[in-house]
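Residues 123 to 186, numbered by the numbering used here, are exactly what the sequence shown covers, in order. Even for Gly, the Cβ is constructed at its ideal location relative to N, Cα and C. Being a predicted model, the structure only gives us computed values, none of them experimental. Take a look at the structure set out below.
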Amino acid sequence: MIRWMIVIFLALMLISWFSPLLHRLGFGKLPGDLRFRAFGRDWFIPLTTTILLSFVASLISKYV
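Shown next, in the form of C-alpha coordinates:
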(Lines of atoms letter the chains of each structure in order from A and count residues from 1; the text may use other names and numbers.)
(Lines give C-alpha, C1' and ligand atoms only; values in the text may rest on other atoms or scores of the structure.)
Protein backbone atom coordinates (compact mmCIF):
# COMPACT_ATOMS: atom_id res chain seq x y z
CA MET A 1 0.00 0.00 0.00
CA ILE A 2 2.79 2.43 0.83
CA ARG A 3 4.40 1.77 -2.56
CA TRP A 4 1.26 2.88 -4.37
CA MET A 5 1.06 6.02 -2.28
CA ILE A 6 4.67 6.83 -3.16
CA VAL A 7 4.02 6.19 -6.85
CA ILE A 8 0.93 8.41 -6.82
CA PHE A 9 2.82 11.15 -4.97
CA LEU A 10 5.70 11.04 -7.48
CA ALA A 11 3.29 11.04 -10.42
CA LEU A 12 1.51 14.11 -9.06
CA MET A 13 4.86 15.85 -8.54
CA LEU A 14 5.90 15.12 -12.13
CA ILE A 15 2.57 16.33 -13.47
CA SER A 16 2.87 19.58 -11.52
CA TRP A 17 6.43 20.11 -12.79
CA PHE A 18 5.57 19.41 -16.43
CA SER A 19 2.23 21.22 -16.40
CA PRO A 20 3.61 24.62 -17.52
CA LEU A 21 5.60 22.95 -20.31
CA LEU A 22 2.57 21.01 -21.52
CA HIS A 23 0.46 24.16 -21.42
CA ARG A 24 3.02 26.00 -23.60
CA LEU A 25 2.93 23.10 -26.07
CA GLY A 26 -0.84 23.49 -26.42
CA PHE A 27 -2.09 20.79 -24.06
CA GLY A 28 -5.02 22.08 -22.09
CA LYS A 29 -6.16 24.19 -25.03
CA LEU A 30 -7.27 21.33 -27.30
CA PRO A 31 -10.77 21.31 -28.85
CA GLY A 32 -12.27 18.79 -26.38
CA ASP A 33 -10.97 20.51 -23.24
CA LEU A 34 -13.83 22.17 -21.40
CA ARG A 35 -13.60 25.50 -19.57
CA PHE A 36 -16.66 27.02 -18.00
CA ARG A 37 -17.83 29.14 -15.09
CA ALA A 38 -20.32 27.72 -12.61
CA PHE A 39 -21.20 28.62 -9.03
CA GLY A 40 -18.84 31.59 -9.17
CA ARG A 41 -15.77 29.47 -9.99
CA ASP A 42 -13.83 28.68 -13.14
CA TRP A 43 -13.85 24.97 -13.95
CA PHE A 44 -11.49 23.14 -16.29
CA ILE A 45 -12.02 19.56 -17.51
CA PRO A 46 -9.20 18.44 -19.85
CA LEU A 47 -10.95 15.55 -21.64
CA THR A 48 -8.98 15.57 -24.89
CA THR A 49 -5.65 16.21 -23.18
CA THR A 50 -6.26 13.30 -20.80
CA ILE A 51 -7.12 10.92 -23.63
CA LEU A 52 -4.11 12.01 -25.69
CA LEU A 53 -1.63 11.73 -22.81
CA SER A 54 -3.07 8.33 -21.81
CA PHE A 55 -2.61 7.11 -25.37
CA VAL A 56 1.00 8.32 -25.43
CA ALA A 57 1.70 6.71 -22.03
CA SER A 58 0.23 3.40 -23.19
CA LEU A 59 2.37 3.47 -26.34
CA ILE A 60 5.48 4.17 -24.30
CA SER A 61 4.71 1.36 -21.84
CA LYS A 62 3.98 -1.07 -24.66
CA TYR A 63 7.23 -0.49 -26.54
CA VAL A 64 9.65 0.06 -23.65
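Among the options, the one whose alpha carbon lies nearest that of residue i
i: lysine 151; options: Ala160, Asp164, Ala133 and Thr170; result: Thr170
i: proline 153; options: Thr172, Ser180 and Val178; result: Thr172
Opposing strand residues paired with residue i [DSSP bridges]
i: alanine 160; result: Arg163
i: proline 168; result: Asp155
Sequence-distant residues of its chain with Cβ nearer than 6 Å to residue i (five each side left out)
i: leucine 156; result: Ile167
Residues of its chain near residue i, where Cβ-Cβ distance is below 8 Å and the 5 sequence neighbours each way are ignored
i: phenylalanine 161; result: none
Near the ligand SAM: residue i beta-carbon under 7 Å from a heavy atom
i: valine 178; result: Here there are no bound small molecules, and the ligand SAM is not part of this structure.
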